[in-house]
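Student: Have a look at this one before I ask anything.
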Amino acid sequence: MTVVFSKTPGLTENETHYCPGCTHGTIHRLVAEVLVELDLLEDTIGCGSVGCSVLSYNYLNVDMVESAHGRAPAVATGVKRVHPDKPVFTYQGDGDLASIGTAEIVHAAHRGEKITTIFVNNAIYGMTGGQMAPTTLIGQKVTTAPDGRDIAHSGMPLRMSEMLAQVPGSAYIERVSVHNPKAVRRAKRAIKKAFTYQMERKGFTMVEVLSTCPTGWGLSPIDSLKWLEENMIPYYPLKVFRSPEEDYPQ
Amino acid sequence: MAKMLMKGNEALALAAIRGGCTHYFGYPITPQNEITEYLAREMPKAGRVFLQAESEIAAINMVVGASAAGGRVMTSSSSPGIALMQEGISGLAAAELPCVIVNVQRGGPGIGGIQPSQADYYQMTRGGGNGDYSILALAPATVQESAEMIRDAFQLADKYRSPVFIASDGMLGQMMEPVEFGDTQPTLMAEKPWAVVGHGGKRKPNTVKTLALDPLVLEEMNLARQKKYAQMIATEIRYENFQVDTAEIVLCAYGSTSRIVKNAIDLLGQEKIAAGLIRPQTLWPFPDAPFQNLSKKCRRVLCVEMSCGQMIDDVRLAVNGRLPVDFFGRTGGIIPAPEEIVGQVKLLLGRK
Ligand SMILES: Cc1ncc(C[n+]2csc(CCOP(=O)(O)OP(=O)(O)O)c2C)c(N)n1
Ligand code: SF4
Ligand SMILES: [Mg+2]
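In order, the protein sequences belong to chains A and R.
First residue of the first sequence: 62, per this note's numbering; consecutive thereafter.
First residue of the second sequence: 1108, per this note's numbering; consecutive thereafter.
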């Protein structure tokens, strides 16, 4: 009998706690597969965050340290400065990275910290029950904007990849999605590139992954994928915003 | 090594390097900048890592990462900066991560001033951050003691897997005194099998975490930490007794204030008034015993602080109603003068 598919050794045997249809699990798997394929699993040190992925250390088969809400890039900086040759990553949600942790992510990029950030943007605070995030779309109904996000009241949704691409220390910034198999394959390629550039010490690397939150959005898993494609991608275009292969004005 | 004339802050910094500190993260704030600047200059020469963080919040979280990754880590700041670090300090205590945190106290609350103060006693000994935890706090009174306590702080941090405070103040940090470092080599870092270094395919992944959603599990973890704190209380309390046995009034003061109190005690002696000093060298755990063993001669206790009265709570708990406990302090960055203390003692004893 030939094995055509097996679970990646980059994941532990634990069953995840994510809601049905949540794509956090898909993104975990992509990170795990990339670390195995690049033969980095044994050396990698991960920095968790506060959000639905707070228990990511139970699922990713790597050494991990928990971080306070928003502070993973600073924690990762500390880890990386102790182990400059080892792969170090953060796994953060949009509330974590784009709201409470803006200072830490900007300055990790600014220092050109040789880490990889996996930024899971689901346009909502999943864990705390569906409140507004800086990334929540205009008109999107959330528990703290029950009539939908209003520009005059809360501003426009924050585009973190576009913003961090302007920071000189950023080496690689790409936004991807996981709403269909093709997008998933592209997301995996992006994550692989990010870790590769990290190991080549090119600078700060981040992959923003558009992700679903069926529970917070109040949609079925299938409708969530459709909602992501039809509403998030037009505002959050999927593209490479910065790459070491292109020259940027100094 | 011969004696050197150094500022308290610089002695702390050099002692950290000699104590084997591998990583320092900090953010500028007066009156502790000499520590950060000294380490920026000297850490790279010693093959160690210095990094200026974008804020105290980032600095303490870099400490979290570097300590979790197995480094021997330090940060330093002053009062408002320590306030910003509290979430991280609570996390370090919960995750049982060793590190040294220097607080060169200045006047508060708020932005306050930049002159010496001891108004962070509550902040350092009463938690400061959220949750049930305690942090060893060593309080030096001289530049020499500053250097020695940093060395001890790294060892205690490793021994207990705990953050350790150095409670300095703006006067001690800025004053110059001769200091000797001795020739002892830094003690080796403890083995850290719990550190996150990559599992190497040889063991299950390590996780450094504090989240415990099951109340029974969290209670168990808290009780385990309490056992550790009980051991600290049993073995790490330090204090100095100065002319306590013959004293009719015992003063209590720590850090630079204790030196002024000693001057006051000398002045009182010239007027045939027998006063003594109990000087806590650990603020937490607080030295209760010397207050419980005071001689029959002692009629009162006077707590002197550069604050509106914070340590006095611990003094009262230790005295436990056996004697009247009074307070004298200056605040906002004013250093009390020996004569003021003499005046207060005479008033309390009903002497002219
Ligand atoms: C200091 C602090 N503030 C607030 C919280 C509560 N909190 C937990 S998760 C979260 C939001 C997480 O949202 P996001 O980062 O988008 O992650 P998601 O759950 O959507 O994946 C908040 C506000 C906390 N744990 N700590
Ligand atoms: S609340 Fe949303 S983000 Fe969190 S697990 Fe459920 S679906 Fe996923
Ligand atoms: Mg989110």
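From the three backbone atoms N, C-alpha and C, an ideal C-beta is built for every residue, glycine too.
Predicted, not measured: the structure shown is a model, and the values here were computed from it.
(1) Can you list, in chain order, the residues of the region 115 to 136 of chain A whose Cβ is nearer than 9 Å to any Cβ on chain R?
(2) Less than 6 Å between C-beta atoms, sequence neighbours within five positions excluded: which residues of the same chain meet that for ILE283 of chain A?
(3) Report buried or exposed for TYR79 of chain A, applying the criterion of at least 16 other Cβ atoms within 10 angstroms of its Cβ.
(4) Counting pairs of Cβ atoms below 8 Å between the region 1111 to 1125 of chain R and the region 1160 to 1175 of chain R, do you hit three or more?
(5) Chain R partners of HIS168 of chain A, CB-CB under 7 Å?
(6) For the region 1341 to 1354 of chain R against the region 143 to 159 of chain A, are there 3 or more C-beta pairs whose distance is under 8 Å?
(7) Less than 6 Å between C-beta atoms, sequence neighbours within five positions excluded: which residues of the same chain meet that for ARG1155 of chain R?
(8) Considering just the uninterrupted stretch of the alpha helix (DSSP H) at GLU1266 of chain R, what are its terminal residues?
(9) Residues of the region 142 to 171 of chain A with a CB closer than 7 Å to any CB of chain R: list them in chain order, please.
(10) Distance check for ALA137 of chain A and GLY107 of chain A, CA to CA, integer angstroms please.
(11) Reducing DSSP to helix, strand and coil, say where ARG303 of chain A ends up.
(12) Going along chain R, which residues have a C-beta under 9 Å from THR316 of chain A?
(13) Please report how far the alpha carbon of THR205 of chain A lies from the alpha carbon of GLN192 of chain A, in whole angstroms.
(14) Can you check whether the C-beta of GLU1194 of chain R is within less than 9 Å of a C-beta belonging to chain A?
(15) Taking only the alpha-carbon atoms, compute the straight-line gap between ASN1140 of chain R and VAL1250 of chain R and give it to the nearest angstrom.
(16) Could you give the distance in angstroms between the alpha-carbon of SER1095 of chain R and the alpha-carbon of PRO1247 of chain R?
(17) Anyone know if the C-beta pair for PRO1312 of chain R and ARG1268 of chain R falls short of 9 Å?
(18) Answer yes or no: do ASP1239 of chain R and ARG1345 of chain R have a C-beta to C-beta separation smaller than 9 Å?
(19) THR105 of chain A versus chain R: which residues are under 7 Å apart at the beta carbon?
(20) Could you say which of A:SER272, A:LEU101 and A:VAL140 lies nearest to TYR186 of chain A if we only look at CA atoms?
(21) Taking DSSP as the reference, what is the three-state secondary structure of TRP1301 of chain R?
(22) Establish whether the CB of ASN1313 of chain R and some CB of chain A are separated by less than 9 Å.
(23) From the DSSP output, in three-state form, read off GLU1117 of chain R for me.
(24) For CYS108 of chain A, return the contacting residues in chain R, with the cut-off set at a CB-CB distance below 8 Å.
(25) Give me, in chain order, the residues of the same chain whose beta-carbon lies closer than 7 Å to that of TYR296 of chain A; leave out the 5 immediate sequence neighbours on both sides.
Tutor: Straight from the coordinates:
(1) Within the region 115 to 136 of chain A, the qualifying residues are VAL115, LEU116, TYR118, ASN119, LEU121, ASN122, VAL123, ASP124, MET125, VAL126, GLU127, SER128, ALA129, HIS130, GLY131, ARG132, ALA133, PRO134, ALA135 and VAL136.
(2) none
(3) buried
(4) no
(5) GLU1161 and ALA1165
(6) no
(7) THR1129
(8) According to the sequence provided, residue 1266 of chain R is Lys. The question's Glu does not apply to it. Under the DSSP assignment, LYS1266 of chain R falls in the alpha helix (DSSP H) whose first and last residues are 1250 to 1267.
(9) ARG142, VAL143, HIS144, LYS147, ALA164, GLU165 and HIS168
(10) Each residue's alpha carbon lies about 8 Å from the other.
(11) strand
(12) Outside the displayed span of chain A (62 to 311) sits residue 316 of chain A, for which this structure offers no information.
(13) 5 Å
(14) yes
(15) 16 Å
(16) The first residue shown for chain R is 1108 and the last is 1459, placing residue 1095 of chain R beyond what the model contains.
(17) no
(18) With respect to the 9 Å criterion, ASP1239 of chain R and ARG1345 of chain R are not classified as neighbours on the basis of their beta carbons.
(19) GLY1305
(20) Residue A:SER272 is the option with its Cα nearest to TYR186 of chain A.
(21) coil
(22) For ASN1313 of chain R, the answer is yes, since a Cβ of chain A falls inside 9 Å of its Cβ.
(23) helix
(24) GLY1172
(25) LEU198 and PRO218
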